[in-house]
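In what follows, a structure is listed as structure tokens, so that the remarks can point back to it.
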Amino acid sequence: MSTSKQGSLRAIWECGYHRGSGNNDGEGEFKAQVENTSTSKAEGIEGAPQLWTLPLFEMCSKMARVLWGCLLLWNLHISPAYSMYPGIKARATQRALDYGVQVGMEIIEQMVKKRDLPNLNGSESLEFLKVDYVNYNFTNIKINAFSFPNTSLAFVPGVGIRALTNHGTANISTDWEIKSPLFRDTGGADLFISEVYFTGNVILTRNNFGHPILKLQDCHAQVSHADVSFSGELSVLYNSFAEPMEKPILKNLNEMLCPMVTSEVEALNANLSMLEVITKIDNYTLLDYSLISSPDITENYIELYLKGVFYPLGNLTDPPFSSVPFVLPDRSDSMLYIGISEYFFKSASYAYFTAGAFNITLSTKEITDHLIRTSQGLGNVLSRIAELYILSQPFMVRVMATEPPLINLLPGNFTLDIPASILILTQSKNSTAETIVSMDFVASTDVALVILGQRLICSLSLNRFRLSLPESNRSNIEVLRFENILSSILHFGVLPLANAKLQQGLPLPNPHKISLVNSDIEVLEGFLLISTDLKYETSLKQQPSLHGWESLNLISGLWRGKPAP
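Residues 1 to 565 (the working numbering) make up the sequence shown, in order.
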């Protein structure tokens with residue numbers, strides 16, 4: 001150790017020694033030494049305590065202040081990470097795993113029919129034929145049929161998902177080639193393997209970008225029996241010594257199985273790393289679906305934590321408010337539960353407001369057409385109003401949100417309050433626009449929800465309309481003239497346009513080619529709960545993203561997913 005390092009360590013040790021470790025005795029002793037030192041120096045007494053003790057005390061005091069300052073800064077630095085709560089939670093139950101076994105067998109069956117297994121080759125001695133060695137090579141190995149009657153998936157608390165299958169069987173066809181000092185031949189063969197056993201734990205984690213990552217741990221695979229039947233002109237001869245060939249085949253198969261499965265998992269991870277965890281919703285916003293932590297796993301479910309936050313297009317700055325924790329109810333009747341927090345919707349409100357999506361300008365013709373087309377029974381009355389107030393002179397209505405709309409999720413009640421201002425402008429030919437009237441209002445709306453396909457569709461209905469007029473304008477006859485029609489414009493003009501935009505919906509997180517069925521939506525305190533079952537559909541078309549895992553080909557080397565922009 002260098003002298004400087006030794007000096008630093010000695011200084012730190014001396015700080016602890018002289019300052020004491022839980023009482024003030026050390027400090028009292030130190031003060032006595034300082035006093036004695038001063039007296040001794042004045043009197044010139046030999047052997048007095050060294051004067052370096054006083055600077056050491058000052059150094060210790062400064063060091064303590066520095067350490068406390070660093071600790072404070074560190075706490076400030078890490079506090080946002082600890083306060084980050086998910087905007088979306090997704091919980092899969094045992095029912096989802098049971099359905100996954102059924103779907104998984106269908107997917108595996110499609111996979112194996114399209115894939116050749118790795119070649120098998122080696123060398124064996126045939127003592128009963130007095131042949132020193134026979135080199136064999138099995139190529140073009142294909143699985144024609146298989147059966148895994150006892151397959152299950154189960155949660156392992158705090159670990160992952162355990163996959164288990166036993167008593168499996170498979171029929172395999174292959175081409176073969178044999179070389180020995182006495183002969184050389186080629187042909188075909190059928191291989192029947194039985195008592196196939198496999199178990200392993202699938203671990204789900206995340207990488208630094210929030211992509212899901214799978215790992216296979218504690219893999220164990222074994223094939224107990226293999227029967228080989230050769231075909232060809234000399235099949236009778238080859239079948240007579242087929243039994244000695246079965247042992248090396250079993251040995252090779254058992255050595256290959258776990259590495260093969262691990263290779264598939266690694267290849268799947270290569271595709272998962274290209275999933276779009278940040279998705280463009282429209283021309284205004286992006287939605288971040290990235291995982292913010294590893295999942296929680298109990299004996300009954302696995303729960304994923306997604307960031308679930310909206311951003312204005314081109315701006316990935318987090319909104320100026322924090323997410324808050326919420327807890328999904330303890331249920332297991334459905335395969336999947338999705339909790340969407342109030343923070344999710346508030347971030348959407350803030351992002352759309354920041355991007356200017358809540359600013360709407362309607363022309364005279366748009367207002368007239370929309371009022372007459374959507375008013376139904378009130379058509380004649382509104383048509384008359386339009387003739388009196390709208391068609392008398394061309395003008396525009398401009399509605400602008402003054403703040404992000406306020407979101408409130410209470411049990412059974414989802415409301416959206418929109419604070420905004422409304423301007424009525426007129427513009428003659430060859431002149432600039434002139435404001436006829438300007439006023440503020442708050443539109444309180446109820447939000448209705450429905451799931452269509454893989455999207456959450458929202459629609460607004462006007463609940464209350466509170467108009468706020470400047471004092472100077474309250475006696476203005478022009479203001480009073482337009483006051484009654486403003487509510488109609490909002491009700492029959494602006495909200496229908498907003499609902500038309502909302503029909504695009506918000507994409508829900510769902511796995512590859514899995515649709516949501518038997519879905520139910522509940523509004524609870526601070527979050528929305530979606531309870532749903534799952535259905536695998538091979539014809540379902542989705543885009544490659546975390547909320548729709550299209551193009552996840554589970555065969556190595558055939559990945560078709562595209563990287564996120």
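By construction, the Cβ of each residue, glycine as well, lies at the ideal position given by its N, Cα and C atoms.
Could you check where the alpha helix (DSSP H) with residue i kicks off and where it finishes?
i      : result
Arg95  : Gln94 to Lys113
Ser235 : Ser235 to Ser240
Asn499 : Leu495 to Leu502
According to DSSP, simplified to helix, strand and coil, what is residue i?
i      : result
Phe441 : strand
Val327 : coil
Tyr343 : helix
Ile569 : Past the boundaries of the shown model lies residue 569; the chain is included only from 1 to 565, so the question cannot be answered.
Thr571 : The requested residue 571 is not part of the displayed model; the chain covers only 1 to 565.
Tyr350 : helix
Ser617 : Residue 617 is absent from the model: the chain starts at 1 and stops at 565.
Ala173 : In the sequence as presented, Ala is not what sits at residue 173; that position holds Ser. Reduced to three states, the DSSP call for Ser173 is strand.
Ala145 : strand
Val156 : strand
Phe492 : helix
Asn359 : strand
Val450 : strand
Pro267 : The sequence as given places Ala at residue 267; Pro does not occur at that position. Helix.
Thr415 : strand
Pro118 : coil
Leu508 : coil
Ser273 : coil
Glu255 : helix
Ser322 : coil
Thr432 : coil
Thr262 : helix
Could you tell me which of the options sits nearest to residue i, measuring between CA atoms?
i      : options                           : result
Leu291 : Ala221, Arg206 and Phe321         : Arg206
Cys219 : Gly526, Met245, Thr199 and Asn283 : Thr199
Thr592 : Gln102, Leu508, Ser444 and Ile451 : With the chain covering only 1 through 565, there is no way to say anything about residue 592.
Gly314 : Ser323, Ala90 and Thr354          : Thr354
Leu409 : Leu495, Val399, Ala448 and Ala226 : Ala448
Leu506 : Thr435, Ile107, Lys280 and Asp446 : Lys280
Thr361 : Met274, Val397 and Met84          : Val397
Ser152 : Ser180, Ser421, Lys113 and Val103 : Val103
Val442 : Pro404, Thr298 and Ile457         : Pro404
Pro118 : Ala145, Asp175 and His167         : Asp175
Pro320 : Lys142, Lys346, Ile297 and Lys307 : Lys346
Arg95  : Cys258, Phe138, Asn150 and Phe155 : Phe155
Tyr197 : Leu182, Gln222, His211 and Met335 : Gln222
Tyr85  : Asn252, Lys307, Asn300 and Ser173 : Lys307
Phe335 : Glu303, Pro248, Leu316 and Ala351 : According to the sequence as given, residue 335 is Met; it is not Phe. When only C-alpha atoms are compared, the closest one is Glu303.
Lys113 : Leu164, Ala90, Glu434 and Asn171  : Asn171
Asn499 : Leu120, Arg91 and Leu460          : Leu460
Ala413 : Asn254, Asp446, Thr435 and Met400 : For clarity, residue 413 is Asn in the given sequence; the question names Ala instead. Ranking Asn254, Asp446, Thr435 and Met400 by Cα distance to Asn413 puts Asp446 first.
Leu287 : Ile278, Gly100, Leu497 and Ser294 : Ile278
Leu495 : Val437, Asn518, Met439 and Arg464 : Arg464
Tyr301 : Tyr536, Arg91, Ile530 and Thr538  : Arg91
Phe358 : Ile422, Phe344 and Pro295         : Ile422
Less than 8 angstroms between the CB atoms is what I'm expecting for residue i and residue j, so what's the real figure, rounded?
i      : j      : result
Leu534 : Ile514 : 5 angstroms
Ile338 : Ile88  : 7 angstroms
Gly160 : Gly232 : Their Cβ separation, rounded to whole angstroms, is 47 angstroms, which puts Gly160 and Gly232 out of contact at 8 angstroms.
Ser341 : Phe527 : 5 angstroms
Thr169 : Ile143 : Thr169 to Ile143, Cβ: 11 angstroms. No contact.
Asn252 : Leu120 : 5 angstroms
Val228 : Leu214 : Actually they are not in contact, since the Cβ atoms of Val228 and Leu214 sit about 35 angstroms apart, beyond 8 angstroms.
For residue i, report the span of its beta strand (DSSP E) as first-last.
i      : result
Leu304 : Tyr301 to Leu306
Asn315 : Asn315 -> no beta strand (DSSP E), and no H or E assigned at all.
Ser515 : Ile514 to Leu524
Val397 : Phe395 to Ala401
Asn408 : Leu406 to Leu410
Tyr536 : Phe527 to Tyr536
Asp333 : Per DSSP, Asp333 belongs to no beta strand (DSSP E) and is neither H nor E.
Phe465 : Arg455 to Ser468
Leu286 : Thr285 to Asp288
Would residue i count as contacting chain C if we go by Cβ distances under 8 angstroms?
i      : result
Ala355 : No chain C is part of this structure, which consists of one protein chain only.
What are the uninterrupted segments assigned as beta strand (DSSP E) that are 3 or more residues long and contained completely in the region 176-242, given in chain order? 184-206 and 212-231
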